[in-house]
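Asker:
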Amino acid sequence: MNDLQKDYCELLALTQLYILREHGIHKKLVTDPSSLQYFRPWQSQNPQNSVSPSVGKEAPSNKNIPYTPPTSITRSPITSQTPQLNPKQNIDEKNNSPQQPLSQSQPQYPTPAPKNPQTIEIKIPSQEIAAISPKTAETKPIKGSIHSFSLEPFAKPQKPEFDDISNNLKKAFPHFSIRDQIPSDENAQKFKNAWLYEQLIPPIILLSFNDQDKHLAFLKNIASAISLSLAPARVIAGPAMEQEKKWDQILNTPALKLVIASDYGLYLMPELMKYYKEQTKTAKHFLHQTPLLLLSDLSLYLKEPQLKPLLWRAICTEFNASCKINLS
5 MNDLQKDYCE LLALTQLYIL REHGIHKKLV TDPSSLQYFR PWQSQNPQNS
55 VSPSVGKEAP SNKNIPYTPP TSITRSPITS QTPQLNPKQN IDEKNNSPQQ
105 PLSQSQPQYP TPAPKNPQTI EIKIPSQEIA AISPKTAETK PIKGSIHSFS
155 LEPFAKPQKP EFDDISNNLK KAFPHFSIRD QIPSDENAQK FKNAWLYEQL
205 IPPIILLSFN DQDKHLAFLK NIASAISLSL APARVIAGPA MEQEKKWDQI
255 LNTPALKLVI ASDYGLYLMP ELMKYYKEQT KTAKHFLHQT PLLLLSDLSL
305 YLKEPQLKPL LWRAICTEFN ASCKINLS
């Protein structure tokens with residue numbers, strides 16, 4: 005038996021194994037009329053199995069077709085003690101042994117052993133490996149070659165000249181003024197943040213110009229007393245507002261009624277002094293249009309506590325006067 009015959013026998017055996025495992029011996033199958041006519045002679049010789057046609061009438065039996073009973077391969081169930089056999093050896097033993105009828109019980113067959121995968125070595129030429137490796141991107145171009153070039157940074161863009169355009173605009177529209185520079189948006193920023201200062205600025209503010217803890221604590225105590233008795237009050241750091249130049253935003257707040265500050269610290273703020281006003285007849289002081297109460301040196305109030313009641317009376321008087329002015 006040559007290799008081709010062995011492979012053919014192995015294919016037949018595997019086909020029988022598949023049919024027996026999937027359908028079994030006593031399982032009825034539905035088929036078409038042509039297949040029924042072909043397989044009816046085998047069914048008539050085996051009366052135990054009955055085949056019912058699905059379509060059409062029963063075809064007459066064909067006695068001229070030779071009968072070849074199907075062969076069966078019976079194997080003992082595989083356990084851990086029985087070695088696994090090669091399918092080709094099983095086929096050879098089946099061909100040498102006499103044919104036996106199919107057993108009614110479904111036999112168990114060993115699964116064919118998988119073939120060992122073959123490893124295939126692929127040899128790539130060294131030239132192709134060099135082309136794939138990323139080091140080729142770092143190689144320097146050869147001088148004189150087509151691909152040799154060097155990257156240079158872009159030159160700084162030159163400022164466009166609009167002299168001709170501006171001259172033509174001046175001639176066409178002499179009543180309009182042309183600006184060479186972009187105007188500042190400082191005023192726009194002030195209007196933008198005005199709503200924020202209206203919510204943060206209370207009716208009475210106390211300006212602090214000294215970083216000493218005693219002076220700052222004294223001003224905070226005064227602000228707490230004012231908030232409990234008169235109106236909301238808060239201490240604001242003067243140097244920070246002087247540096248940011250935001251005095252106009254604070255002083256233009258409609259809710260502001262009174263400003264309290266020491267005279268010495270006020271004179272040290274040049275931006276704030278631009279809003280300072282004094283009425284010589286009434287001896288009243290103002291920052292823009294807000295009444296201003298000037299205090300003596302804060303250390304004097306700390307050394308002489310009897311001056312604190314006088315300070316409180318002055319605060320109440322100035323606040324009530326500012327409220328009357330606003331009402332009028």
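In the working numbering, the protein residues as written are 5 to 332.
Ideal Cβ positions, reconstructed from N, Cα and C, are used throughout, including at glycine.
(1) Where does LEU204 fall in DSSP's three states?
(2) Here's the rule I'm using: 16 or more other beta-carbon atoms within 10 Å means buried, otherwise exposed. How should PRO87 be labelled?
(3) Based on Cα-Cα distance, which residue from LEU298, PHE158 and LEU272 lies nearest to VAL337?
(4) Would you please state the rounded distance, in angstroms, between the beta carbons of PHE213 and SER266? I believe it to be under 8 angstroms.
(5) For ASN225, which of LEU302, LEU296 and PHE177 has the nearest alpha-carbon?
(6) I need the straight-line Cα distance from GLY242 to SER228, nearest angstrom please.
(7) So, LEU281 versus PHE290, is the Cβ gap smaller than 8 angstroms?
(8) What is the DSSP secondary structure of ARG317, reduced to helix, strand or coil?
(9) For GLN283, report the span of its beta strand (DSSP E) as first-last.
(10) Straight-line CA distance for LYS249 to LEU255?
(11) Our contact map puts LEU260 next to THR294 with C-beta atoms below 8 angstroms; I'd like the distance itself, whole angstroms only.
(12) Are LEU304 and LYS218 touching if we call contact CB-CB under 8 angstroms?
(13) Let me know the secondary structure DSSP gives HIS289 once reduced to three states.
(14) What beta strand (DSSP E) runs, 3 residues minimum, are completely inside the stretch 171-256?
(15) If you reduce the DSSP assignment to three classes, tell me which class LEU18 lands in.
(16) Around the Cβ of LYS139, are there at least 16 other Cβ atoms within 10 angstroms (buried) or fewer (exposed)?
(17) Measure the alpha-carbon distance for ALA235 versus ILE319 and round it to whole angstroms.
(18) Would you list the residues sitting across from SER266 in a DSSP beta bridge?
(19) Please report the distance separating the alpha-carbon of LEU296 from that of PHE222.
(20) Assign PRO207 to one of two classes, buried (16 or more other C-beta atoms within 10 Å of its C-beta) or exposed (fewer than that).
(21) For LEU276 and LEU270, what's the separation of their Cα atoms in angstroms?
(22) Return helix, strand or coil for THR140, following the three-state DSSP convention.
(23) Does DSSP put SER326 in a helix, in a strand, or in coil?
(24) Out of ASP189, THR257 and ALA192, which has the shortest C-alpha to C-alpha gap to LEU204?
(25) Locate the alpha helix (DSSP H) running through LEU276, then write down its first and last residues.
Answerer: Let's see:
(1) Against the sequence shown, residue 204 aligns to sequence position 200. In the structure shown, LEU204 sits in a helix (DSSP, three-state: H, G or I).
(2) Here residue 87 refers to the residue found at position 83 of the sequence shown. Residue placement at PRO87 cannot be trusted, given a pLDDT of 49 that sits under 50; what the coordinates show is reported in the next sentence. By the neighbour-count rule (16 or more Cβ atoms within 10 Å), PRO87 is not buried but exposed.
(3) What is shown of the chain runs 5 to 332, which leaves residue 337 out entirely.
(4) Within the sequence shown, the letter at position 209 stands for residue 213. Within the sequence shown, the letter at position 262 stands for residue 266. A Cβ-Cβ separation of about 6 angstroms places PHE213 in contact with SER266 under the 8 angstroms criterion.
(5) The count along the sequence shown starts at 1 and reaches residue 225 at position 221. Here the closest residue by C-alpha is LEU302.
(6) The count along the sequence shown starts at 1 and reaches residue 242 at position 238. The count along the sequence shown starts at 1 and reaches residue 228 at position 224. Cα to Cα, GLY242 sits roughly 19 angstroms from SER228.
(7) Here the question's residue 281 lines up with position 277 in the sequence shown. Here the question's residue 290 lines up with position 286 in the sequence shown. One point to set straight first is that residue 281 is Lys, not Leu, in the sequence displayed. Cβ atoms of LYS281 and PHE290: closer than 8 angstroms.
(8) The residue you call residue 317 lines up with position 313 of the sequence shown. Here ARG317 sits in helix by DSSP.
(9) For this step, residue 283 is matched to residue 279 along the sequence shown. Run containing GLN283: 280-283, per the beta strand (DSSP E) assignment.
(10) The sequence position of residue 249 within the sequence shown is 245, counting from 1. The sequence position of residue 255 within the sequence shown is 251, counting from 1. Their Cα atoms are separated by approximately 12 angstroms.
(11) Here residue 260 refers to the residue found at position 256 of the sequence shown. Here residue 294 refers to the residue found at position 290 of the sequence shown. So it is a contact: roughly 5 angstroms between Cβ atoms.
(12) As a first step, residue 304 is located in the sequence shown; it is residue number 300 there, counting from the start. As a first step, residue 218 is located in the sequence shown; it is residue number 214 there, counting from the start. No, Cβ-Cβ distance for LEU304 and LYS218 is not below 8 angstroms.
(13) Here residue 289 is taken as the residue at index 285 of the sequence shown, counted from 1. In the structure shown, HIS289 sits in a strand (DSSP, three-state: E or B).
(14) Within the stretch 171-256, the runs of beta strand (DSSP E) at least 3 residues long that lie entirely inside it are, in chain order, 208-212 and 237-241.
(15) The residue labelled residue 18 in the question sits at position 14 within the sequence shown. Helix.
(16) Counting from one through the sequence shown, the residue named residue 139 turns up at place 135. Per-residue confidence for LYS139 stands at a pLDDT of 46, beneath the threshold of 50, marking its modelled position as unreliable; no derived number is given.
(17) Your numbering for residue 235 matches position 231 in the sequence shown. Your numbering for residue 319 matches position 315 in the sequence shown. Answer to the nearest angstrom: the Cα atoms are 11 angstroms apart.
(18) Numbered from its first residue, the sequence shown carries residue 266 at position 262. According to the DSSP secondary-structure assignment, SER266 is paired through a beta bridge with LEU299.
(19) On the sequence shown, residue 296 is found 292 positions in, with the first residue counted as 1. On the sequence shown, residue 222 is found 218 positions in, with the first residue counted as 1. A direct Cα-to-Cα measurement between LEU296 and PHE222 gives close to 19 angstroms.
(20) Your numbering for residue 207 matches position 203 in the sequence shown. Per the 10 Å Cβ criterion, buried.
(21) Working through the sequence shown from its first residue, we reach residue 276 at position 272. Working through the sequence shown from its first residue, we reach residue 270 at position 266. Approximately 7 angstroms, taken between the alpha carbons.
(22) For the purposes of this step, residue 140 is identified with residue 136 of the sequence shown, where counting begins at 1. Residue placement at THR140 cannot be trusted, given a pLDDT of 43 that sits under 50; what the coordinates show is reported in the next sentence. Of the three classes helix, strand and coil, the one that applies to THR140 here is helix, per DSSP.
(23) Numbered from 1 along the sequence shown, position 322 holds the residue referred to as residue 326. The DSSP-derived three-state label of SER326 is helix.
(24) Position 200 of the sequence shown, counted from the first residue, corresponds to residue 204. Residue THR257 is the option with its Cα nearest to LEU204.
(25) To locate residue 276, count along the sequence shown from 1; it is residue 272. Looking at the DSSP string, the run of the alpha helix (DSSP H) that includes LEU276 is 274-277.
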